[in-house]
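**Q** Chains as they are written, first to last, in our numbering: chain A, -14 to 201; chain B, -14 to 201. A virtual CB, placed ideally from N, CA and C, is assigned to each residue, including glycine. Provided herewith is a single structure, encoded as structure tokens, for subsequent inquiry.
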DNA sequence: TGACACATACCAACCGGTTGGTATTGTTTG
DNA sequence: CAAACAATACCAACCGGTTGGTATGTGTCA
């Protein structure tokens, strides 16, 4: 087995190649139009490749959807792994700073801050179990990166009424809901509002008096 | 102007007519497959009418989407208006009972308890402003039915850190997010979990000690 | 009889996917 | 090293089938 140039499903594609360009195009276009409304031809045009190249790299449009979800997981992992909220020494501080970070990300155009996998899974959860599972893995995998901090904060404050995993997933629930509301209202204001409620929930749960800040 | 047989956009269509059957079919099929993946032919087949009947009642597929959102508003208003949570004498009790009621609704198949307008708005918010606005009106209109109780509960408990409208919208944010997570995980369990967090948020905000119950 | 509520038949455009083929790159071998 | 070979990357044209939408016919009822 030759390991010198592996292009596994979860590793990032070679930058500049047709595959990478298609995944970038999918990330942008699917977030703005949805998966079904995005045609393969449109993807190819945006990536500057032909339809033949598309089906050279992906067995089907569904396979592209799975790859796009995996690509999303990989790129967002990088973003959050290098984000500044990890610098806080206290786990609860890290958690609250994560929420602030998510709120800061809610800026610009809607298709720039919303979630690719949340958008896709709503459309295809019944028609493509492969994409559904890849989206679930992306969301749940990101939530899992919060669990250690939440667990530590729960231990510090003797919070036993729920679990770290449940709280981590709840953060993602609120964010996914915030994306939908932002789409309905055509702007991020309402999303900021709900994330502020989420932060207040954590502050009350962990009996942390809110720092003066961005709560509405 | 002939008022003897008005088919206004917001009133319920004549039961048994082609229009009503199409709107019922749209409610069911769009929730399970999404708006774009639902073809006009499929809608006609499910409703037992022909394509000619479809375009007799709706100028376009987009017009059906708007009508389906309005129809959703009308039918869900009825459901919630006659729901038992209004019976509690205390406004905070009514609010918490509303949340319990929403949790109870999260049962059965996913396409049976998820939200039509939340599903549609995610797909078409960029391609059809008419549908987007109808979906927004549906969600915001339902949230508005909670505002009076929230306002009264806030006054009773001297809660001033946020507004009744913001809290009402936040309940919908959490529910919409819960629907997405349920689709990603292919089951309502995680949605119940997040609604329990929402209830706990209200209990803490209004300093109400939780009744022994279904919180996880 | 005429207005309305549908049904039938049909269309141009577009869909995801396949085809046969070529250009490029890397590996083997003399 | 270079020629021979093999695999990959990519392309333009095309396929059968489906799409939303239209034009026109027909039965019904006031």
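Can you say whether residue 26(B) is buried or exposed, counting buried as having 16 or more other CB atoms within 10 angstroms of its CB?
**A** In the second chain, residue 26(B) corresponds to position 41, counting from 1. That one is exposed.
**Q** Does the beta-carbon of residue 32(B) have 16 or more other beta-carbons within 10 angstroms, so that it is buried, or is it exposed?
**A** The residue labelled residue 32(B) in the question sits at position 47 within the second chain. Residue 32(B) comes out buried.
**Q** Can you have a look at residue 110(A) and say buried or exposed, based on whether 16 or more other CB atoms are within 10 angstroms of its CB?
**A** Residue mapping note: residue 110(A) aligns to position 125 of the first chain, counting from 1. Buried is the call here.
**Q** Could you tell me the distance, in whole angstroms, from the CA atom of residue 167(A) to the CA atom of residue 170(B)?
**A** The count along the first chain starts at 1 and reaches residue 167(A) at position 182. The count along the second chain starts at 1 and reaches residue 170(B) at position 185. So the two alpha carbons sit approximately 23 Å from each other.
**Q** Residues in its own chain within less than 8 Å of residue 90(A) by CB, not counting five upstream and five downstream?
**A** The sequence position of residue 90(A) within the first chain is 105, counting from 1. Answer for residue 90(A): 98, listed in chain order.
**Q** 8 Å is my cut-off, CB to CB: does residue 88(B) come that close to chain A?
**A** Here the question's residue 88(B) lines up with position 103 in the second chain. For residue 88(B), the answer is no, since every Cβ of chain A falls outside 8 Å of its Cβ.
**Q** Please say whether residue 159(A) and residue 190(A) have beta carbons closer to each other than 8 Å?
**A** Your numbering for residue 190(A) matches position 205 in the first chain. Your numbering for residue 159(A) matches position 174 in the first chain. For residue 190(A) and residue 159(A), no; Cβs fall outside 8 Å.
**Q** What do you reckon, are the CB atoms on residue 49(B) and residue 135(B) nearer than 8 Å?
**A** Translated into the one-based positions of the second chain, residue 49(B) becomes position 64. Translated into the one-based positions of the second chain, residue 135(B) becomes position 150. Result no, Cβ atoms of residue 49(B) and residue 135(B) do not sit closer than 8 Å.
**Q** Per DSSP, what kind of secondary structure is residue 43(A) in: helix, strand or coil?
**A** Along the first chain, one-based indexing puts residue 43(A) at 58. In the structure shown, residue 43(A) sits in coil (DSSP, three-state: anything other than H, G, I, E or B).
**Q** Is the separation between the beta-carbon of residue 11(A) and that of residue 53(A) shorter than 8 Å?
**A** Taking the first chain and counting its residues from 1, the one referred to as residue 11(A) is at position 26. Taking the first chain and counting its residues from 1, the one referred to as residue 53(A) is at position 68. Result yes, Cβ atoms of residue 11(A) and residue 53(A) sit closer than 8 Å.
**Q** Taking DSSP as the reference, what is the three-state secondary structure of residue 12(B)?
**A** To locate residue 12(B), count along the second chain from 1; it is residue 27. Here residue 12(B) sits in helix by DSSP.
**Q** Taking the straight line between their C-alpha atoms, what separation do you get for residue 182(A) and residue 194(A)?
**A** Stepping through the first chain from its first residue, residue 182(A) is reached at position 197. Stepping through the first chain from its first residue, residue 194(A) is reached at position 209. Answer to the nearest angstrom: the Cα atoms are 14 Å apart.
**Q** Which same chain residues end up closer than 6 Å to residue 173(B) when comparing Cβ atoms and leaving out the 5 residues on each side of it in sequence?
**A** The residue given as residue 173(B) occupies position 188 in the second chain. The answer, listed in chain order, is 91 and 167.
**Q** Whole angstroms is fine: what's the gap from residue 42(A)'s alpha carbon to residue 18(B)'s?
**A** If you number the first chain from 1, residue 42(A) lands on position 57. If you number the second chain from 1, residue 18(B) lands on position 33. The straight-line gap from Cα to Cα measures roughly 27 Å.
**Q** Which value, in whole angstroms, describes the spacing of the CA atoms of residue 95(A) and residue 75(B)?
**A** Start at 1 with the first residue of the first chain, and residue 95(A) comes out as number 110. Start at 1 with the first residue of the second chain, and residue 75(B) comes out as number 90. Taking the straight line from one Cα to the other gives about 39 Å.
**Q** Could you name the residues of the stretch 119 to 135 of chain A whose beta carbon sits closer than 7 Å to any beta carbon of chain B, in the order they occur along the chain?
**A** The stretch 119 to 135 of chain A vs chain B, Cβ under 7 Å: 120, 121 and 124.
**Q** What are the boundary residues of the alpha helix (DSSP H) that residue 144(A) is part of?
**A** Sequence index remark: in the first chain, residue 144(A) carries index 159 (1-based). Premise fails: residue 144(A) is in no alpha helix (DSSP H) and is neither H nor E.
**Q** So, with DSSP's three-state summary, where would you put residue 55(A)?
**A** Here residue 55(A) is taken as the residue at index 70 of the first chain, counted from 1. Residue 55(A): helix per DSSP, three-state reduction.
**Q** Determine the DSSP secondary structure at residue 73(A), reduced to helix, strand or coil.
**A** By one-based count along the first chain, residue 73(A) stands at place 88. It is coil, neither helix nor strand.
**Q** Are there any heavy atoms of the ligand GTP lying less than 7 Å away from the beta-carbon of residue 10(B), as far as the coordinates show?
**A** The ligand GTP is not among the ligands present in this structure, which contains no ligands whatsoever.
**Q** Keeping to the same chain, check which residues put their C-beta closer than 8 Å to that of residue 84(B); ignore five residues upstream and five downstream.
**A** One-based indexing of the second chain puts residue 84(B) at position 99. Cβ within range, chain order: 156, 180, 183, 184 and 187.
**Q** Are the CB atoms of residue 103(A) and residue 165(B) within a distance shorter than 8 Å?
**A** Numbered from 1 along the second chain, position 180 holds the residue referred to as residue 165(B). Numbered from 1 along the first chain, position 118 holds the residue referred to as residue 103(A). Going by C-beta atoms, residue 165(B) is nearer than 8 Å to residue 103(A).
**Q** Does the beta carbon of residue 107(A) come closer than 8 Å to any beta carbon on chain B?
**A** On the first chain, position 122 is the one that residue 107(A) refers to. With 8 Å as the cut-off, residue 107(A) counts as an interface residue toward chain B.
**Q** If you run the structure through DSSP and keep just helix, strand and coil, what is residue 93(A)?
**A** Against the first chain, residue 93(A) aligns to sequence position 108. Three-state DSSP puts residue 93(A) in coil, outside helix and strand.
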